[in-house]
Structure formats: C-alpha cells, structure tokens
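Engineer: This is the structure I have questions about; it appears just below.
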Amino acid sequence: MGYVIGLQCRECGADYPQAAVHVCEECFGPLEVQYDYDAIRAVLDRDTIAARPLNLWRYRELLPVDGEPTVGLHSGFTPLVRADRLARALGAREVWVKDDSVNHPTFSYKDRVVPVALSKAIELGFQTVSCASTGNLANSVSAHAARAGLACFIFIPDDLEQGKVLGSAIYGPQTVGIRGNYDDVNRLCSEIADKYGWAFVNINIRPFYTEGAKTYGFEIAEQLGWRLPQHVVVPTAGGTILPKVDKAFDELRRIGLVDGPRPKIYTAQAAGCAPVVRALHAGSDTIEPVKPDTIAKSIAIGNPADGYYVLQTIRESGGWGESATDAEIVEAIHLLARTEGIFTEPAGGTTVAVTKKLIEQGRIAADESVVICVTGNGYKTLEAVAATVAKPAIIDPRLRDFDELYERLHSPGGQEMVGSNAAAG
Amino acid sequence: MSVQVRIPTPLRRFTGGSEEVAAAGTTVGSVIDDLERQYAGIKERLCDNEGQVRRFVNIYVNGDDIRFLNNLDSELKDGDELSIVPAIAGG
Numbered sequence: 008m009g010y011v012i013g014l015q016c017r018e019c020g021a022d023y024p025q026a027a028v029h030v031c032e033e034c035f036g037p038l039e040v041q042y043d044y045d046a047i048r049a050v051l052d053r054d055t056i057a058a059r060p061l062n063l064w065r066y067r068e069l070l071p072v073d074g075e076p077t078v079g080l081h082s083g084f085t086p087l088v089r090a091d092r093l094a095r096a097l098g099a100r101e102v103w104v105k106d107d108s109v110n111h112p113t114f115s116y117k118d119r120v121v122p123v124a125l126s127k128a129i130e131l132g133f134q135t136v137s138c139a140s141t142g143n144l145a146n147s148v149s150a151h152a153a154r155a156g157l158a159c160f161i162f163i164p165d166d167l168e169q170g171k172v173l174g175s176a177i178y179g180p181q182t183v184g185i186r187g188n189y190d191d192v193n194r195l196c197s198e199i200a201d202k203y204g205w206a207f208v209n210i211n212i213r214p215f216y217t218e219g220a221k222t223y224g225f226e227i228a229e230q231l232g233w234r235l236p237q238h239v240v241v242p243t244a245g246g247t248i249l250p251k252v253d254k255a256f257d258e259l260r261r262i263g264l265v266d267g268p269r270p271k272i273y274t275a276q277a278a279g280c281a282p283v284v285r286a287l288h289a290g291s292d293t294i295e296p297v298k299p300d301t302i303a304k305s306i307a308i309g310n311p312a313d314g315y316y317v318l319q320t321i322r323e324s325g326g327w328g329e330s331a332t333d334a335e336i337v338e339a340i341h342l343l344a345r346t347e348g349i350f351t352e353p354a355g356g357t358t359v360a361v362t363k364k365l366i367e368q369g370r371i372a373a374d375e376s377v378v379i380c381v382t383g384n385g386y387k388t389l390e391a392v393a394a395t396v397a398k399p400a401i402i403d404p405r406l407r408d409f410d411e412l413y414e415r416l417h418s419p420g421g422q423e424m425v426g427s428n429a430a431a432g
Numbered sequence: 008m009s010v011q012v013r014i015p016t017p018l019r020r021f022t023g024g025s026e027e028v029a030a031a032g033t034t035v036g037s038v039i040d041d042l043e044r045q046y047a048g049i050k051e052r053l054c055d056n057e058g059q060v061r062r063f064v065n066i067y068v069n070g071d072d073i074r075f076l077n078n079l080d081s082e083l084k085d086g087d088e089l090s091i092v093p094a095i096a097g098g
C-alpha cells in the first residue's frame with residue numbers, strides 16, 4: 008500500500024498522475040512526488056522502522072512504490088562512522104562520515120536511487136531500463152537490472168575510468184560510449200528516451216529515482232539516534248542528492264520522528280566543474296554551464312539539472328559551498344584513508360577537502376556536529392591517486408633482505424614512510 | 008533560411024505529434040518566434056515572461072548549448088539543427 012498522491016511540478020504546481028513523465032508540460036519544471044503525510048504519520052514510528060531489515064526500504068512509506076519493493080533488498084543502511092581521527096586533523100569536535108563507498112552492490116550512493124527507480128519501472132510495466140551516467144549510476148543500473156532480469160542499455164562518456172567501465176560491463180548490459188562529456192551523453196539520451204520508450208532512470212523515471220536519495224538523509228538521522236546534525240556537506244554533480252537530504256530531514260520532522268533546527272547544508276564541487284559554487288559566490292540564481300575539467304569525473308556535470316534547487320536549499324538552510332582543486336582533492340582522499348581507513352573516489356575527496364575549507368573559514372564552527380557525505384568508492388578510480396601513493400619496497404624472500412630494508416627505513420630520511428600512517432593522528 | 012528543430016515529447020501536442028519540424032530564422036530567437044507563428048502557444052513553454060529561455064529548458068545548435076554561444080542571439084545558417092531538451096538528473 009503506497010502513500011503517493013501524485014506528481015506535482017516544482018515550478019508552477021501543475022498536478023500529474025503517477026507515470027513515466029519527468030517534466031511539466033506547462034513550464035518544463037521537474038516533477039516531484041507528493042505524499043499523504045498525515046496518513047504516513049499515523050502508521051510510521053521509530054519502533055516500526057527499527058523492527059525492519061537494515062536496508063533502504065525500512066522507510067518505504069516515504070518512498071514512491073505502491074506494492075512490495077522488488078529491487079535493492081540489500082542496498083542502503085551504510086555505516087555512519089564517527090570520525091574522531093579525521094576530526095582532529097580538521098580541527099573539529101564531532102565529525103561523522105556517511106559512508107556510501109560500501110553501499111551494496113556497486114559501492115556508491117547510486118545503490119539508493121536505482122532500487123527505487125527500478126522497483127517503480129517494474130510497477131509501471133517496463134522491461135528495458137537505461138541511464139546516462141558518469142559511471143556510478145551505470146554500475147548500479149547494470150547490477151540491479153541483472154538481478155531483476157531486466158534488459159539494460161547504459162550510456163557513458165568515452166573517457167571514463169577503467170574501473171567504472173568494467174564495473175558495468177561485468178553485469179552484461181549493452182554499453183554505449185559517447186564521444187563527448189556527460190552533458191553530451193545527457194542530451195543524446197533525452198532524445199533516445201523520447202524515441203525508444205525505455206525506463207531511463209534519470210530521465211523519464213527521474214521523479215521516482217530522485218526520491219531514493221532521501222534515504223541517505225533518513226539513515227543519518229536514525230543512525231545519530233533520531234537526531235539531526237548541525238551541518239551536512241554534500242557533493243554536487245547534477246544536484247539530485249543535496250536537496251533530497253534536506254527534504255528527508257524535513258519529512259522526518261513533519262511526521263514527528265525528529266525535532267530540532269534545520270541542518271545547514273553545504274555543497275562541495277571540484278574547481279574544474281563548479282557551476283553551482285560559482286553562482287552561489289556570485290549571489291546569482293542563474294547557473295552558467297561550464298565545460299568540466301577535473302579528475303573528479305563522477306561529479307563532472309557542467310550543466311546540473313537541479314543546480315537551482317541546490318542553491319535554494321543552501322540559502323534557505325543557512326549553508327554555503329566551496330570548491331576544491333584536483334590537488335586538494337587527492338590530498339583529501341589520502342587524509343580520509345589515513346585517518347579513518349575509508350578509501351573514497353575523487354567526489355568524496357572533494358567533500359572532505361571542502362569540509363576542511365569550511366571549518367578553516369569558520370563557516371562550520373569547530374565545536375558543532377558535521378556529517379561528511381562520502382558517496383563513492385576509491386577502488387573504482389585508482390588512476391586518480393596511482394601516482395601519489397608509495398610503491399611497494401621489493402625484496403627477495405630472505406630475512407636478511409628485510410632486516411636491511413627495515414634498517415634503511417629507520418635511518419634518517421626513511422622515517423616519513425614508516426611514520427606516515429600515524430602522522431595525521 | 009530554414010533550420011530543423013527537434014521537438015521533445017512534452018511539446019509534441021503543439022506540433023501535431025511531429026518529432027521534427029522546419030522553421031525559419033537567422034537566430035535562435037527568431038526561430039522560436041517562427042515556431043510560435045506555426046504552433047501557437049509553444050513559445051510560452053520555452054520562454055518566461057521576460058522572453059528569456061526558461062530555467063529548465065536547454066537549447067542546442069548542432070549539439071552546442073546556446074549558453075556557450077550567444078544565447079537567443081546565436082546565429083544560424085541554412086540546414087542547422089536545433090534541439091530542445093528538458094534538464095536531466097545527474098548520473
């Protein structure tokens with residue numbers, strides 16, 4: 008039994024029934040799922056949620072499926088890690104990492120949105136699913152489609168990291184590489200979606216797909232003991248997740264599961280692709296698209312569809328945003344790995360680097376609580392850090408050889424290599 | 008001067024279901040005006056009250072976003088292809 012009333016245009020308020028439509032026919036505004044919150048409030052409480060399996064469907068009343076969810080029964084409920092060693096390195100008191108680098112089954116936050124999109128696509132009767140992707144979404148759609156027995160077409164830029172390409176191909180979709188950047192892929196896919204009638208998770212299924220991102224926010228609140236953090240730093244690519252984390256907190260307050268002030272939300276972008284941060288700093292509502300040039304390929308979207316709502320959410324919540332250079336991103340990937348044992352892709356490095364800046368600027372007070380959103384896994388993007396990690400010391404299998412190596416590492420000048428693991432703590 | 012305009016699904020009710028139509032004009036703006044002459048009501052869907060392209064509408068000339076060209080003043084030549092594409096979520 009679902010609690011969805013229908014779809015509504017975020018811009019002009021026009022109402023639509025539930026269907027595979029994603030833009031308002033009147034003004035092209037995005038469509039948003041509307042729920043009967045009074046009915047949800049009457050049936051959903053903390054104990055009900057606590058008794059359910061540890062996956063994203065534990066919040067199913069607040070997700071847009073009508074029947075039993077069929078996809079992603081092991082996805083979500085990723086660790087919220089209390090990051091004290093990172094906090095010390097950043098000069099802050101209470102830092103948490105919401106770690107979607109270990110989401111099931113494809114190690115990114117996309118394993119939240121895809122189960123909702125595919126469950127809905129199956130309800131709507133589709134047999135072929137598809138997406139335009141910078142990599143992570145393609146991985147997730149491919150894996151979930153395989154398990155659901157759906158045909159799958161994925162469209163990606165032709166210059167993606169090998170890990171991202173292979174990480175889709177293994178599940179057997181039809182992969183199409185497009186000569187161009189993600190924005191070119193997007194434009195083509197919009198025309199393909201119009202013509203072929205497939206369920207494109209981020210095009211015609213978008214209103215349902217984006218709702219899955221709320222589970223990231225639901226989990227943060229539940230894992231903090233039904234408490235809201237003071238600050239949340241979120242990476243921005245197309246701009247889906249940031250407004251949805253805010254919406255999640257708002258819904259939990261609305262149905263009475265949490266109270267307290269609205270968390271301040273901050274955006275993190277790579278300096279080589281920062282159209283939202285640029286508009287934010289310029290005090291503008293207009294997001295000028297850019298041609299991306301950054302190692303953070305998963306967030307290299309120069310024309311963010313929901314950028315306007317990212318700006319709106321940041322401003323209304325009292326947050327801010329910053330960008331990080333590729334060098335700062337790599338440094339932050341190392342910092343997170345060496346302090347917390349979490350290996351993130353450049354998108355997560357961007358978020359950590361930006362959090363550091365926001366704390367240094369005093370925008371996030373050092374004695375307040377902050378959640379850093381790590382949305383992807385570093386094992387998929389080894390190229391980004393390959394040149395910056397220590398190479399193994401190669402020796403023959405003889406104790407004497409190791410003794411010599413150990414001596415050398417402990418001599419002056421060798422300290423850094425052995426001591427580096429503890430340096431940040 | 009004639010260009011081909013690709014029409015997305017939400018606008019096809021104006022074009023009698025056609026996916027692609029011909030329109031005349033030397034700039035993107037004048038092509039939109041010609042579309043309005045042929046298919047009354049379509050311009051209001053693409054542009055706001057001040058005549059600017061709506062926030063969630065993307066227009067491309069031969070695959071290039073007009074915001075990287077000269078917006079509504081972007082010049083066109085015979086045979087150019089104009090695409091109208093709604094904004095799409097990230098991936």
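Quick note, the sequences are listed as chains A and B, same order. Add 7 to a position in the first sequence, counting from 1, and you land on the number used in the working numbering. Add 7 to a position in the second sequence, counting from 1, and you land on the number used in the working numbering. Glycine is no exception: its CB is placed at the ideal position from the N, C-alpha and C atoms.
Identify every residue that forms a DSSP beta bridge with A:Gln-237.
Structural biologist: Mapped onto the first sequence, residue 237 of chain A falls at position 230. Note: A:Gln-237 sits in no beta bridge, so no partner.
Engineer: Please report how far the alpha carbon of A:Ala-430 lies from the alpha carbon of A:Arg-345, in whole angstroms.
Structural biologist: If you number the first sequence from 1, residue 430 of chain A lands on position 423. If you number the first sequence from 1, residue 345 of chain A lands on position 338. With a pLDDT of 41 at A:Ala-430, under the threshold of 50, the predicted position of this residue should be treated as unreliable, though the coordinate-derived value follows. If you take the alpha carbons of A:Ala-430 and A:Arg-345, they lie about 9 angstroms apart.
Engineer: Going along chain B, which residues have a C-beta under 8 angstroms from A:Pro-296?
Structural biologist: Taking the first residue of the first sequence as 1, we reach residue 296 of chain A at position 289. Going along chain B in sequence order, the residues near A:Pro-296 (Cβ under 8 angstroms) are Asp-72, Arg-74 and Phe-75.
Engineer: Would you please verify whether the beta carbon of B:Ile-49 is less than 7 angstroms from any beta carbon of chain A?
Structural biologist: For the purposes of this step, residue 49 of chain B is taken as the residue at position 42 of the second sequence. So, not an interface residue.
Engineer: Given this structure, state the Cα-to-Cα distance separating A:Ser-427 from A:Ala-90, to the nearest angstrom.
Structural biologist: Here residue 427 of chain A refers to the residue found at position 420 of the first sequence. Here residue 90 of chain A refers to the residue found at position 83 of the first sequence. Low confidence applies to A:Ser-427: its pLDDT is 45, below 50, so where it sits in the model is not reliable enough to give any reading.
Engineer: Run through the stretch 71-110 of chain A for me and flag every whole alpha helix (DSSP H) of 4 or more residues, listed as ranges in chain order.
Structural biologist: If we require 4 residues or more, the alpha helix (DSSP H) runs fully inside the stretch 71-110 of chain A come out as 91-97.
Engineer: Using a beta-carbon distance below 7 angstroms, is A:Leu-131 in contact with chain B?
Structural biologist: Start at 1 with the first residue of the first sequence, and residue 131 of chain A comes out as number 124. Answer no: the Cβ-Cβ gap between A:Leu-131 and chain B never drops below 7 angstroms.
Engineer: Chain B partners of A:Asp-107, CB-CB under 8 angstroms?
Structural biologist: As a working mapping, residue 107 of chain A is identified with position 100 in the first sequence. Residues of chain B passing the Cβ test: none, with the nearest at roughly 15 angstroms.
Engineer: So B:Ser-90 contacts chain A; which residues on that side make the cut at Cβ distance below 9 angstroms?
Structural biologist: Translated into positions along the second sequence, residue 90 of chain B becomes position 83. Within chain A, the residues near B:Ser-90 are Arg-194, Ser-197 and Glu-198.
Engineer: Using a C-beta cutoff of 7 angstroms, does B:Ala-30 count as contacting chain A?
Structural biologist: Within the second sequence, numbered from 1, the residue matching residue 30 of chain B stands at position 23. Closer than 7 angstroms: no.
Engineer: On the criterion of 16 or more Cβ atoms from any shown chain inside 10 Å, does A:Leu-61 qualify as buried, or is it exposed?
Structural biologist: Against the first sequence, residue 61 of chain A aligns to sequence position 54. A:Leu-61 is exposed by the Cβ-count criterion.
Engineer: Give me the chain B residues within the contact set of A:Ile-210, using Cβ-Cβ distance strictly less than 8 angstroms, ordered along the chain.
Structural biologist: Within the first sequence, the letter at position 203 stands for residue 210 of chain A. Ile-95 and Ala-96, listed in chain order.
Engineer: Once you ignore the five residues that flank A:Ala-152 on each side, which residues in its own chain have a CB closer than 6 angstroms to its CB?
Structural biologist: As a working mapping, residue 152 of chain A is identified with position 145 in the first sequence. Answer for A:Ala-152: Val-136 and Cys-159, listed in chain order.
Engineer: State the DSSP-derived secondary structure class of A:Tyr-386, mapped to helix, strand or coil.
Structural biologist: Translated into positions along the first sequence, residue 386 of chain A becomes position 379. Helix at A:Tyr-386.
Engineer: Assign A:Ile-129 to one of three DSSP states: helix, strand, or coil.
Structural biologist: Locating residue 129 of chain A in the first sequence gives position 122, counting from the first residue. Reduced to three states, the DSSP call for A:Ile-129 is helix.
Engineer: Just checking my contact of A:Ser-330 with A:Ala-373 at CB under 8 angstroms: how many whole Å lie between their CB atoms?
Structural biologist: Taking the first residue of the first sequence as 1, we reach residue 330 of chain A at position 323. Taking the first residue of the first sequence as 1, we reach residue 373 of chain A at position 366. No, A:Ser-330 and A:Ala-373 are not in contact; Cβ-Cβ is about 22 angstroms, not under 8 angstroms.
Engineer: My output table needs one value for A:Tyr-23: the three-state DSSP class, helix, strand or coil.
Structural biologist: Within the first sequence, the letter at position 16 stands for residue 23 of chain A. A:Tyr-23: strand per DSSP, three-state reduction.
Engineer: With a CB to CB cut of under 7 angstroms and the five nearest residues on each side skipped, what residues in its chain are close to A:Cys-31?
Structural biologist: Walking along the first sequence from the start, residue 31 of chain A turns up at place 24. These residues qualify, in order along the chain: Cys-16, Glu-18, Cys-19, Ala-21 and Leu-38.
Engineer: Give a yes or no on whether the minimum CB-CB distance between A:Ser-140 and chain B is below 7 angstroms.
Structural biologist: Counting from one through the first sequence, the residue named residue 140 of chain A turns up at place 133. Answer yes: the Cβ-Cβ gap between A:Ser-140 and chain B drops below 7 angstroms somewhere.
Engineer: Helix, strand or coil: which one does DSSP assign to A:Cys-196?
Structural biologist: Taking the first residue of the first sequence as position 1, residue 196 of chain A is located at position 189. Three-state result, A:Cys-196: helix.
Engineer: In the stretch 135-211 of chain A, which residue ranges form an unbroken alpha helix (DSSP H) of at least 4 residues, counting only runs that do not cross its ends?
Structural biologist: The qualifying runs are 143-155, 169-176 and 189-203.
Engineer: List the residues of chain A that B:Arg-52 touches, going by C-beta distances under 8 angstroms, in chain order.
Structural biologist: Here residue 52 of chain B corresponds to residue number 45 of the second sequence, with the count starting at 1. Residues of chain A passing the Cβ test: Glu-32, Glu-33, Cys-34 and Phe-35.
Engineer: Is it buried or exposed for A:Thr-395, if we count other Cβ within 10 angstroms and need 16 for buried?
Structural biologist: The sequence position of residue 395 of chain A within the first sequence is 388, counting from 1. Its Cβ having fewer than 16 others within 10 Å, A:Thr-395 is exposed.
Engineer: With 7 angstroms set as the bound, which would you pick, yes or no: does the beta-carbon of B:Glu-44 sit closer than that to a beta-carbon of chain A?
Structural biologist: Numbered from its first residue, the second sequence carries residue 44 of chain B at position 37. Checking the displayed sequence, the identity of residue 44 of chain B turns out to be Arg instead of Glu. Taking Cβ atoms only, chain A never reaches closer than 7 angstroms to B:Arg-44, which makes this a no.
Engineer: Could you confirm whether any beta carbon from chain B is found closer than 7 angstroms to the beta carbon of A:Gly-20?
Structural biologist: Along the first sequence, read from residue 1 onward, the residue named residue 20 of chain A stands at position 13. No - not a single Cβ of chain B is within 7 angstroms of the one on A:Gly-20.
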